[in-house]
Amino acid sequence: AQKITQTQPGMFVQEKEAVTLDCTYDTSDQSYGLFWYKQPSSGEMIFLIYQGSYDEQNATEGRYSLNFQKARKSANLVISASQLGDSAMYFCAMSANAGGTSYGKLTFGQGTILTVHP
Amino acid sequence: EAGVTQSPTHLIKTRGQQVTLRCSPISGHTSVYWYQQALGLGLQFLLWYDEGEERNRGNFPPRFSGRQFPNYSSELNVNALELEDSALYLCASRLDRGYNTGELFFGEGSRLTVL
Chain A
1 AQKITQTQPG MFVQEKEAVT LDCTYDTSDQ SYGLFWYKQP SSGEMIFLIY QGSYDEQNAT
61 EGRYSLNFQK ARKSANLVIS ASQLGDSAMY FCAMSANAGG TSYGKLTFGQ GTILTVHP
Chain B
1001 EAGVTQSPTH LIKTRGQQVT LRCSPISGHT SVYWYQQALG LGLQFLLWYD EGEERNRGNF
1061 PPRFSGRQFP NYSSELNVNA LELEDSALYL CASRLDRGYN TGELFFGEGS RLTVL
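Which chain is which? The protein sequence lines are A and B, in order. Our numbering applies: residue 1 is where the first sequence begins, and numbers increase by one. Our numbering applies: residue 1001 is where the second sequence begins, and numbers increase by one.
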């Protein structure tokens, strides 16, 4: 079974500063994928970034980067230069198989509410 | 290209009633997932359909059911509604062919209130 743990119910950051959202995971799968999604108050889930378990380099997408530490089973999201529009709920998720078919379901953490102050 | 579309966006039901939620995946996507998100909580996996078959089911009672049609659209049915069924129901689709990251593409959800 897969499990995602997000220990920060809420985080605050000043506009233009960087913030790290924590995520740890547990799985017995050798091949898996890790994801971060953003959920604004409107409810839609927006895909931010992906990291495959066999990827040696940390994933980056614009202001988002994923700090992947496989031995520690952590996949923290780093948002650089925070903007007011970054205020939202952030979910870490994982699925079996990194790349290829037959992924199965995504298992989500409980989420972290990020508030960006001007 | 159209994203995942869900209907209705909002609905109110009373206890004991039945509800049907609908989802159209992104064109070309064959897998549809349903998640329940109760207020302030994370996403709980409900159902996964692929090529018309139910592939996996979350820890929900049998009154939660669904199906996938030949055009890959999907319905989620909830019978004998209970107050705790009040939630945002999110549908997502994915292309389960070839090499890709496996990300899910979500619709905007159907917000169900049970009174």
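We put the CB at the ideal spot given by N, CA and C, even for glycine.
Per-residue burial, residue i [other beta carbons within 10 Å of its own, 16 or more giving buried]
i, result
"Ile1012/B", "exposed"
"Gln51/A", "buried"
"Glu1103/B", "buried"
"Gly1016/B", "exposed"
"His1029/B", "buried"
"Ala1092/B", "buried"
"Asp1085/B", "buried"
"Leu1076/B", "buried"
"Arg1094/B", "buried"
CB-CB length for residue i against residue j, believed under 8 Å
i, j, result
"Lys114/A", "Val13/A", "The question names Lys, but residue 114/A in the sequence shown is Leu. Confirmed, Cβ separation roughly 7 Å."
"Val116/A", "Glu15/A", "6 Å"
"Phe1105/B", "Val1004/B", "5 Å"
"Leu1090/B", "Gly1107/B", "7 Å"
As assigned by DSSP and simplified to three states, the class of residue i
i, result
"Asp22/A", "coil"
"Asp1050/B", "strand"
"Gly85/A", "helix"
"Leu48/A", "strand"
"Glu1084/B", "helix"
"Ile953/B", "The shown model of chain B, from 1001 to 1115, leaves out residue 953/B, and the question about it has no answer."
"Arg1015/B", "coil"
"Val1004/B", "coil"
"Ser53/A", "coil"
"Gly43/A", "coil"
"Lys38/A", "strand"
"Ser28/A", "coil"
"Gly1107/B", "coil"
"Arg1094/B", "strand"
"Leu1021/B", "strand"
"Arg1063/B", "coil"
"Glu17/A", "coil"
"Ala59/A", "coil"
Span of the beta strand (DSSP E), counted from its first residue to its last, around residue i
i, result
"Tyr1072/B", "Neither: Tyr1072/B is in no beta strand (DSSP E) and is coded neither H nor E."
"Arg1111/B", "Ser1110 to Val1114"
"Leu114/A", "Thr112 to His117"
"Ala75/A", "Ser74 to Ile79"
"Val13/A", "Gly10 to Gln14"
"Thr5/A", "Lys3 to Thr5"
"Gly1058/B", "Here Gly1058/B belongs to no beta strand (DSSP E), and DSSP marks it neither H nor E."
"Ser65/A", "Tyr64 to Gln69"
What are the residues of the region 1060-1087 of chain B that lie near chain A, defined by any Cβ-Cβ distance shorter than 9 Å?
none
Using a Cβ-Cβ cut-off of less than 9 Å, give me the residues of the region 1101-1114 of chain B that come near chain A, in sequence order.
Thr1101, Gly1102, Glu1103, Leu1104, Phe1105, Phe1106, Gly1107, Glu1108, Gly1109 and Arg1111
Going along the region 44-66 of chain A in order, which residues come within less than 7 Å of chain B, judged by CB to CB distance?
Glu44, Met45, Phe47 and Tyr50
Output, in sequence order along the chain, the residues in the region 102-116 of chain A whose CB is closer than 8 Å to any CB in chain B.
Ser102, Tyr103, Gly104, Lys105, Leu106, Thr107, Phe108, Gly109, Gln110 and Gly111
In the region 18-36 of chain A, which residues sit with their C-beta less than 7 Å from some C-beta in chain B, listed in chain order?
Gly33 and Phe35
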